[in-house]
Each structure stands twice: as structure tokens, then as C-alpha cells.
Amino acid sequence: MGDLPDEIKPLFHNYHPEKIDVERDAEWIILTVLLYGEWHQIEWAFRTYGWNRIEEVVKKDIEGMRTLPYVVANFWSIVFWGRDLPHPTVREKWAITRLPEKRRR
């Protein structure tokens, strides 16, 4: 797919946008656009990746490490599946989501 369009580059101001590949870095781009993007940037993501791919990325995030904040994940849960996410318990809020490589099993 190639390079990021100019309208998306401001979301990645801490990175070298010319090194970001739209296909290789798709999950990261999708999550970033859904979290920080304005409407025209979100529209670009849906035109570029499609409804199903974005839905898969959101589902993977919700079921996995949950990099999206609860309110953002909840919004996209309503958009994709028409329902709120359950509120996280105190334990879930403070649980370790990333373990060092050798501790993962």
C-alpha cells in the first residue's frame, strides 16, 4: 500500500512518517487513528482498511492488551457490535497486561 498520506502524518509526529508502511504497520495505524484521529482521518482508515479489518483490530485489542482506553474501546464496541463493554473491575484496571518474554506461556 505504501506511504502514509499527508492528512494522517500529524498523528505520527513522534515518528519518521516516511518509515511507516500503511500495510506492514496497519494495526498500529488503525489504533492510532481510532484513538487520536479527526473525522476525515477516521474516514481515510475505513476507506483504506475496510470495516472488517478495523473491526478485527478493535476486537483483538479489546480481547488482548487493551491499548485503547476504555471509553474509546467502548465507543467502537457500540459502533461495531451495538453494545457497551462491561466496566473493568478494579483488579482489571490495575492488572499487568504485558509480561516479559520469558514469563509468557
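In short: position in the sequence shown from 1, add 914, done, that's my numbering. Glycine included, every Cβ here is placed at the ideal spot set by N, Cα and C.
Straight-line CA distance for residue i to residue j?
i, j, result
"residue 968", "residue 951", "14 Å"
"residue 930", "residue 1001", "36 Å"
"residue 991", "residue 944", "15 Å"
"residue 986", "residue 962", "21 Å"
"residue 948", "residue 956", "6 Å"
"residue 932", "residue 978", "29 Å"
Inspect the beta-carbon positions of residue i and residue j and report whether they are closer than 9 Å.
i, j, result
"residue 958", "residue 919", "yes"
"residue 946", "residue 960", "no"
"residue 972", "residue 940", "no"
Please classify residue i: is it buried, with 16 or more other beta-carbons within 10 angstroms of its beta-carbon, or exposed?
i, result
"residue 1003", "exposed"
"residue 993", "exposed"
Assuming residue i and residue j make a contact with CB atoms under 8 Å, what is their CB distance in whole Å?
i, j, result
"residue 916", "residue 936", "6 Å"
Contained beta strand (DSSP E) runs [length at least 3] in the segment 928 to 1015, N- to C-terminal order: none
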